[in-house]
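*Asks:* Please read through the structure below; I'll follow up with questions.
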Amino acid sequence: MEKFFTKDDLIYIQNRGNSIDKIQQQLDFFIQGIPKINLVRSAKVGDGIWQFSEKEIQNLVTYFDKHKDNYSIEKFVPASGAATRMFKFLNEFLNEFDAKNDTINGYINKRNAKDISIFIFGLKNFPFYKELKEKTIQLHPDYYSFSNDAKYYALIKTLLSKEGLDFANKPKGILPFHVRDEKIINPIEENIFEAGFFRKENQKTKIHFTINQEFQPHFEKITSQFLDFEISFSYQNQSTDTLAVNEDNMPFRVENNELFFRPGGHGALIDNLNALQSDIIFIKNIDNVSQNHKTLIETNKKLLGGVLLWIQYKIFTYLQLLSKGDVTESQIAEIKDFAENKTAFPLPEEFNFFQTDYKIDYLIKVLNRPIRVCGMVKNEGEPGGGPFWVQDEKGRQTLQIVESSQIDLSNKTQKKISKEATHFNPVDIVCGVKNYKGEKFDLTQFVDPKTAFITEKTKNGKPIKAFELPGLWNGAMAKWTTIFVEVPLETFNPVKTVNDLLKPAHQPDNG
283 MEKFFTKDDL IYIQNRGNSI DKIQQQLDFF IQGIPKINLV RSAKVGDGIW
333 QFSEKEIQNL VTYFDKHKDN YSIEKFVPAS GAATRMFKFL NEFLNEFDAK
383 NDTINGYINK RNAKDISIFI FGLKNFPFYK ELKEKTIQLH PDYYSFSNDA
433 KYYALIKTLL SKEGLDFANK PKGILPFHVR DEKIINPIEE NIFEAGFFRK
483 ENQKTKIHFT INQEFQPHFE KITSQFLDFE ISFSYQNQST DTLAVNEDNM
533 PFRVENNELF FRPGGHGALI DNLNALQSDI IFIKNIDNVS QNHKTLIETN
583 KKLLGGVLLW IQYKIFTYLQ LLSKGDVTES QIAEIKDFAE NKTAFPLPEE
633 FNFFQTDYKI DYLIKVLNRP IRVCGMVKNE GEPGGGPFWV QDEKGRQTLQ
683 IVESSQIDLS NKTQKKISKE ATHFNPVDIV CGVKNYKGEK FDLTQFVDPK
733 TAFITEKTKN GKPIKAFELP GLWNGAMAKW TTIFVEVPLE TFNPVKTVND
783 LLKPAHQPDN G
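Here it is, written out as C-alpha cells:
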C-alpha cells in the first residue's frame, strides 16, 4: 500500500470511513482485471423460469393473502438517481440547435432526431405541459408572438434550465409522471399507492426509499401526506464509494493532490437493504410505475410474494428437520430433490457417496441462505440484465441476473448465449432475509466481489477508470437462493426517457 498512498492519504481514507482492505482489493482488480461471467445457457420457462397457470396464480395469491399478516413486510425503492438521462436528447437539442437560424424540421431531417419529433408531437399529453407552458410564458411574456419553432425551443429550454423547471437535475421520484382525476401524480406517490397490497389492519405500511440526502425535503413534502404509512429514507454511504485510478492504475488525484472517490453504483445499496429489519422486502425501481394495469400489477406482486412464502416455508421446514440431525436417507433424498429442482442448486455427483452427517451439513449450507423471487418479463429488446445459468470457478451452476457489461461479447459462444435470452429483468423482486430461526442474515456475506466491473469515465477532462460494485440484483445477491418467475410484460413500465410518458401505460386510463 505504501507505493500507492501517503500517510495523509491513509488518514483521509480512514476519515471517510472507507476500508483499506476493500480499496486494496479494488486496486488489485484494476491491475489484474475482472474475469467476465461464464454463461452456460439462458434461463427459459421450464429451465430456470417458473410459469404458472391462471389457477396456480390464484392459489399463490390466496396463499400470500392468507399468510402475509404473519410477517413484517416492507417495500424498498432505490430512488437516488437524478432524471438527467430522461432528458438527454433534449439537452443535446439545446446544445446543437441554433434558435436564430435553424428550424425544427431542418434539425430533425439533418440529424434523424426521431425523439425530438415524438416529444413535440406529444407535448400536450405530458403531465407537466400545463406547468411548463405557464412557466415559459412567465419567462417569455412575448411567447405568443414567437414562431412555432421559437415556441418549442423556449418550452424545451424552460423545461431544463435552472431558471425554469430544471427537471434534468431533479430526482425522478418527484417529477410529474401521471395525471389522475386532474391531479398530478409522481413516482413516489405511485409507489406508495402500489404498496397497499400488503397493508395490514391497524398497522402502518412500511416503505423505504434510498435517496440523495440533498433532496430529502422534497421527498418528505410528498410523503408527509400519507399518514397510514411508515416511510423511511437512507443514503448511499460514502464508505461504499470506490477509488478511481488513471490509465496506469495509479490512484487518480484532484485538487490539493486529494484522492478521488466515486459512488460505487447501486450495488452499494446492499448495505441499505441489510439495515432493514423486516422479514419480507419487496424491491422495485422508482420509475417502474403505471397509470393503468393496477389490478394486474397487484396480482403479480402477490404471486411473487406467494411463491416466496411457500418456498421459504418448505426450506425452513427442511432446515429444522436437518438441524435435529435425526434424518433418514429417504428424507435426505427428498430434500436433495427439492434443493436441485426447486431452489435451482444442482448438487455434485459425489453427494450420494457422502456420509450422512456430511450430507446433512451440506444441505444446511445449500438451503440456509437469503431467498429472492424475481419476476421476469419476456424480452422485447429492452437494455439491461437477464436471467442466465452461470458456472463459477468451482464448476457449480447457479441462476443469476447478468448485465451485458459482465459478458465477454468478444467470445462467440458467450455472445450467442446472451442473444438467446428469452426474458428480461424488470427489477421486480421479493426477498426473504431471515433464517429459519428468525435471525436476520448478514446480506454482505452473500456478495460475489468478482462480479464487479470497471468502466471508463472522465474527470476534469482526463480519462479515468472507475470501479463499480457488484450490482444490487446481480453480484450483490449472487449467493442467494434464486427463483425466477414469469410475469406479464404489462407489469414493466419504466420511464427511461421523457417520451416513455407518452406510452399507454402512463397516459390517463387507456384500459
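Here the sequence shown stands for residues 283 to 793, where the numbers follow the working numbering. Cβ coordinates follow ideal geometry from the N, Cα and C atoms, glycine included. Here the structure is a predicted model, which is why all the values come from computation and not from measurement.
#1: How should Tyr-517 be labelled, buried or exposed, when 16 other C-beta atoms within 10 angstroms of its C-beta is the threshold for buried?
#2: What do you reckon, are the CB atoms on Lys-357 and Phe-497 nearer than 7 angstroms?
#3: Taking 8 angstroms as the limit between beta carbons, can you name the residues of its chain near Glu-540, skipping five residues before and five after?
#4: Do the CB positions of Val-812 and Asn-567 come within less than 7 angstroms of each other?
#5: Please report the straight-line C-alpha distance between Pro-458 and Ala-450, rounded to a whole angstrom.
#6: When DSSP labels each residue in this structure, what does Ile-746 get in the three-state scheme?
#7: How about Asn-554 and Thr-505: do their beta carbons lie closer than 7 angstroms?
#8: Within the chosen definition, does the region 622-638 reach the region 770-781 through at least 3 CB pairs nearer than 8 angstroms?
#9: Within a Cβ cutoff of 8 angstroms, which residues of the same chain sit near Leu-236, ignoring the five residues on either side of it in sequence?
#10: Can you pull the DSSP bridge partners for Gly-330?
#11: For the alpha helix (DSSP H) that Phe-620 lies in, which residues bound it at each end?
#12: Which value, in whole angstroms, describes the spacing of the CA atoms of Glu-416 and Leu-447?
#13: If Val-322 and Val-672 are in contact, beta carbons under 8 angstroms, what's the gap, nearest whole angstrom?
#14: Nearest-angstrom Cα distance between Gln-314 and Gly-668?
#15: With distances taken Cα to Cα, identify the nearest neighbour of Ser-560 among Gly-388, Met-368, Lys-722 and Ala-734.
#16: Figure out for me which residue from Ser-399, Ser-354, Ala-365 and Ala-477 has the closest Cα to the Cα of Phe-375.
#17: Hey, Gly-455 and Ala-361: beta-carbon distance below 7 angstroms or not?
#18: Among Lys-676, Ser-700 and Gln-679, which has the Cα closest to the Cα of Ser-687?
#19: Which one of Gln-333, Leu-725, Lys-778 and Ala-734 has the shortest CA to CA distance from Asn-556?
#20: Going by other Cβ atoms of all chains shown within 10 Å of its Cβ, with 16 needed for buried, is Gln-594 buried or exposed?
#21: Please list, in chain order, all residues of the same chain as Leu-442 whose beta carbon is under 8 angstroms from its beta carbon, the five residues on each side excluded.
#22: When the Cα of Gly-714 is compared with those of Leu-558, Pro-752 and Ile-746, which residue comes out closest?
#23: Would you call Leu-751 buried or exposed, if buried means 16 or more other Cβ atoms sit within 10 Å of its Cβ?
#24: Excluding the five sequence neighbours on either side, which residues of its own chain have a C-beta within less than 7 angstroms of the C-beta of Ile-470, listed in chain order?
#25: For Leu-442, which of helix, strand or coil comes out of DSSP?
#26: Give the list of continuous beta strand (DSSP E) stretches no shorter than 3 residues that lie fully inside the region 457-538.
#27: How big is the Cα-Cα spacing for Gln-696 and Pro-545?
#28: Considering only their Cβ atoms, is the gap separating Leu-754 from Val-551 smaller than 7 angstroms?
#29: Pick helix, strand or coil for Ala-626, following the three-state DSSP scheme.
#30: Among Glu-529, Gly-677 and Glu-378, which residue has its Cα nearest to the Cα of Tyr-435?
#31: Exposed or buried, what is Leu-586 when buried is set at 16 or more other beta-carbons lying within 10 Å of its beta-carbon?
#32: Counting pairs of beta carbons, one from the region 480-492 and one from the region 508-523, are three or more of them closer than 8 angstroms?
#33: Can you tell me whether DSSP reads Gln-594 as helix, strand or coil?
#34: Keeping to the same chain, check which residues put their C-beta closer than 7 angstroms to that of Asp-291; ignore five residues upstream and five downstream.
#35: How would you write the range of the alpha helix (DSSP H) that Glu-416 sits in, first residue to last?
*Replies:* If we stick to the structure as given:
#1: exposed
#2: no
#3: Tyr-294
#4: Outside the displayed span of the chain (283 to 793) sits residue 812, for which this structure offers no information.
#5: 12 angstroms
#6: strand
#7: no
#8: no
#9: No answer is possible for residue 236: the residues shown for the chain start at 283 and end at 793.
#10: Lys-326
#11: 611-623
#12: 11 angstroms
#13: 6 angstroms
#14: 27 angstroms
#15: Lys-722
#16: Ser-399
#17: yes
#18: Ser-700
#19: Leu-725
#20: buried
#21: Phe-369, Leu-372, Asn-373, Leu-376, Asp-448, Phe-449 and Ala-450
#22: Leu-558
#23: buried
#24: Gly-455, Ile-456, Phe-501, Ile-504 and Thr-505
#25: helix
#26: 460-462, 465-467, 487-492 and 511-516
#27: 30 angstroms
#28: At residue 551 the sequence reads Leu, which differs from the Val that was named. Yes, these two residues count as a Cβ contact at 7 angstroms.
#29: coil
#30: Glu-378
#31: buried
#32: yes
#33: helix
#34: Leu-541
#35: 411-421
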